[in-house]
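Undergrad:
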Amino acid sequence: MKFALGIIFLIFSNFWILHSQTSLLNTSLKPFQIDSSIHKILDERIQLINGKTNGFGDIKLFVNDPFLDEQHLSAEGIDVQVNAYLTGDTIMIIGETMFGFTFTINLLEQNATVQFITDYEEKIFKLAQTDSLSTSLTISCSDFKLTLTRLPQFEKGKIVEGIIEFSTPEYLTVEEGIEDKNKMKVKVYFRSTIK
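So in my numbering, spot 56 of the sequence shown is number 72, and the numbers just go up one at a time.
Written out as structure tokens, the structure reads:
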């Protein structure tokens with residue numbers, strides 16, 4: 017158990033230190049909502065695979081689409097590995113997808129922040145035209161809605177569950193000289209035991 021937590025810590029610390037452009041401006045603390053009625057929806061959407069609870073998500077990627085119409089790539093019903101960790105007075109919820117992006121929710125007593133993290137083996141990402149290309153990008157999301165089934169209990173072994181919906185600010189990818197403007201909309205149903 018300690019070995020697995022150590023590996024996770026090393027991955028994320030290297031991820032943050034070695035090659036990340038970070039948008040910490042506009043880091044938004046927003047209150048979360050409590051709605052016990054979503055428990056039934058979570059039971060329907062979340063599955064137990066090999067003894068582990070997996071989240072369930074819907075993702076829409078908008079490319080060069082200022083109107084956010086239906087011209088997008090989408091993946092519905094994807095598995096999202098969600099883990100929760102207690103760090104001081106914060107519950108950090110980490111959701112990982114097979115599409116090369118991660119999100120984190122920093123859950124405080126009455127508020128939360130959400131960050132979107134994407135990475136690739138080549139330098140293809142940047143936040144603005146004037147930025148250098150990077151292999152990864154960390155973006156604070158101010159456009160999010162977090163609904164929990166109950167007030168969070170800041171104790172290891174307790175369960176945190178809910179629905180996170182967020183949109184990323186626009187970011188750029190450059191591949192083979194072609195620059196694309198991207199924006200993602202994500203909705204994830206999650207349940208995790210705090211470690």
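For each residue, glycine too, the CB sits at the ideal point set by N, CA and C.
Inspect the CB distances between the region 120-139 and the region 158-166 and report whether three or more fall short of 8 Å.
TA: Segments in contact, yes.
Undergrad: Measure the CB-CB distance between residue 99 and residue 196 and report whether it falls below 8 Å.
TA: Cβ distance not < 8 Å, so residue 99 and residue 196 don't count as in contact.
Undergrad: Is residue 60 helix, strand or coil when you go by DSSP?
TA: Three-state result, residue 60: helix.
Undergrad: From 163, 149, 125 and 205, pick the residue whose C-alpha is nearest to that of residue 194; which is it?
TA: When only C-alpha atoms are compared, the closest one is 149.
Undergrad: What would DSSP say about residue 193, mapped onto helix, strand or coil?
TA: Three-state result, residue 193: coil.
Undergrad: Tell me whether the beta-carbon of residue 135 lies closer than 8 Å to the beta-carbon of residue 111.
TA: No, the Cβ-Cβ distance between residue 135 and residue 111 is not below 8 Å.
Undergrad: Does the distance from the CB of residue 169 to the CB of residue 47 come in under 8 Å?
TA: In this structure, residue 47 does not lie closer than 8 Å to residue 169 by Cβ.
Undergrad: If you draw a straight line from the alpha carbon of residue 77 to that of residue 192, how long is it in whole angstroms?
TA: One C-alpha to the other measures close to 20 Å.
Undergrad: Quick test of your reading: residue 187 and residue 164, contact by CB under 8 Å. State the CB separation rounded to the nearest angstrom.
TA: The Cβ separation is near 28 Å, so there is no contact.
Undergrad: I'd like the list of long-range same chain contacts for residue 50, defined as Cβ closer than 7 Å, with 5 residues on each side in sequence excluded.
TA: Excluding residues within five positions, the ones whose Cβ falls inside 7 Å are 164, 166 and 167.
Undergrad: So, are the CB atoms of residue 113 and residue 94 less than 8 Å apart?
TA: Their beta carbons are under 8 Å apart, which means residue 113 touches residue 94 by this criterion.
Undergrad: Under the DSSP definition of a beta bridge, which residues are partnered with residue 119?
TA: Answer is 111 and 132.
Undergrad: CB-CB under 8 Å to residue 137, same chain, minus the five flanking residues each way: which ones, in chain order?
TA: So the qualifying residues of the chain are 151.
Undergrad: Below 6 Å CB to CB, which residues in the same chain sit around residue 52 once its five sequence neighbours on both sides are set aside?
TA: Cβ neighbours of residue 52 beyond the five flanking positions: 165.
Undergrad: Decide if residue 184 is buried, meaning its Cβ has at least 16 other Cβ atoms within 10 Å, or exposed.
TA: Answer is buried; the Cβ neighbour count reaches 16.
Undergrad: Among 198, 108 and 96, which residue has its Cα nearest to the Cα of residue 143?
TA: Here the closest residue by C-alpha is 198.
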